[in-house]
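Enquirer: Sequential numbering from 41 applies to the sequence shown in my numbering.
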Amino acid sequence: MFDPDGNSIGSGCSLASTNQITASLPKDGTYIIVAFESGNDELVEYNINLECLSSSCADPIDRLAVDFGASRGLWDYDHMGWDKLTSWDPEDLVGCREFLVADFGTGRGIWRHLGSWAKLTNWDPEQMIAWNGKLAADFGANGLWTYDCTAGGWSKLSSWDSSHMAAWRHRLVADFSPPKGIWLYDGTSWTRLTGWDSQDMEGVTLIP
Ligand SMILES: [Ca+2]
Ligand SMILES: [Ca+2]
Ligand SMILES: [Ca+2]
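(1) Helix, strand or coil: which one does DSSP assign to A207?
(2) What do you get for G147, buried or exposed, if any count of 16 or more other CB atoms within 10 angstroms of its CB means buried?
(3) Helix, strand or coil, according to DSSP, for A181 in the structure here?
(4) What separation, rounded to the nearest whole angstrom, lies between the Cα atoms of G243 and R232?
(5) Determine the DSSP secondary structure at G246, reduced to helix, strand or coil.
(6) What residue from D226, S217, P248, L160 has the CA that sits closest to D240's CA?
(7) Using only the alpha-carbon positions, how far apart do C189 and D164 sit?
(8) Under DSSP, the beta strand (DSSP E) around M168 begins and ends at which residues?
(9) Just to confirm the assignment, what range does the beta strand (DSSP E) spanning S267 have?
(10) What residues in its chain sit with their C-beta under 6 Å from that of S203, if we drop five residues either side in the sequence?
(11) What's the gap between the Cα of W223 and the Cα of L212?
(12) Spatial neighbours of W200 within its chain, please: C-beta separation below 6 Å, excluding the five flanking residues on both sides.
(13) Taking C-alpha atoms, which residue in W185, R209, P219 lies nearest to I247?
(14) Whole angstroms are fine: how far does the CA of R152 sit from the CA of V106?
(15) What residue from N182, G221, D143 has the CA that sits closest to A170's CA?
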């Protein structure tokens, strides 16, 4: 299988059923997102801002998910109107690949939604963020784990309890508080950036 420039991207890819984002690949120092149009084998690509780089692209799935609290539950709005997704009250919401992921707190854990709900774990995260096609979740004393939103399955990245996480392109940054400090995970290994304590951090990519 090849990308639009004729570069081999290996044989491990499978066609998605419909307008599904299937892979993100490094290209020219930046990340692109590769997707297959529905109904044919055309390979299309988007940049990191989901702008189309091919002659035509499927529309990214675009949803506004709104937490209306314990009395009204979780709804989404998709330009056409409102849909009630559940009467449960989420503590946090994250988009991961084509899934909406919700933390429903103690006793309910993390679920993902695409047409219907599927439970990812009973554990209640203290924080979760989308990172590199995965969900990164801070489970406190149970450590920092990721869920692969394409292939499924959890992986433990650290047994430490993070106080804050940020996604910075393909890198994951976690503040484990002094004396451990802030560490950067590049997908393979951890590197310590500083022992200083942060109040907030944000991975920013500036597009000139
Ligand atoms: Ca809530
Ligand atoms: Ca929680
Ligand atoms: Ca924590």
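Virtual Cβ for every residue (Gly too), placed ideally from N, Cα, C.
Small disclaimer: the values here were computed from a predicted structure and weren't measured.
Expert: Taking the structure as given:
(1) strand
(2) Under this definition G147 is an exposed residue.
(3) helix
(4) Roughly 16 Å between the two C-alpha positions.
(5) Reading the sequence as shown, one finds Leu at residue 246 and not Gly. DSSP places L246 in coil when its eight states are reduced to three.
(6) S217
(7) 18 Å
(8) 167–171
(9) Here the chain has residues from 41 to 248 only, and residue 267 is not among them.
(10) D215, S217
(11) 8 Å
(12) F216
(13) Nearest option by C-alpha distance: R209.
(14) 15 Å
(15) With distances taken between Cα atoms, A170 lies closest to D143.
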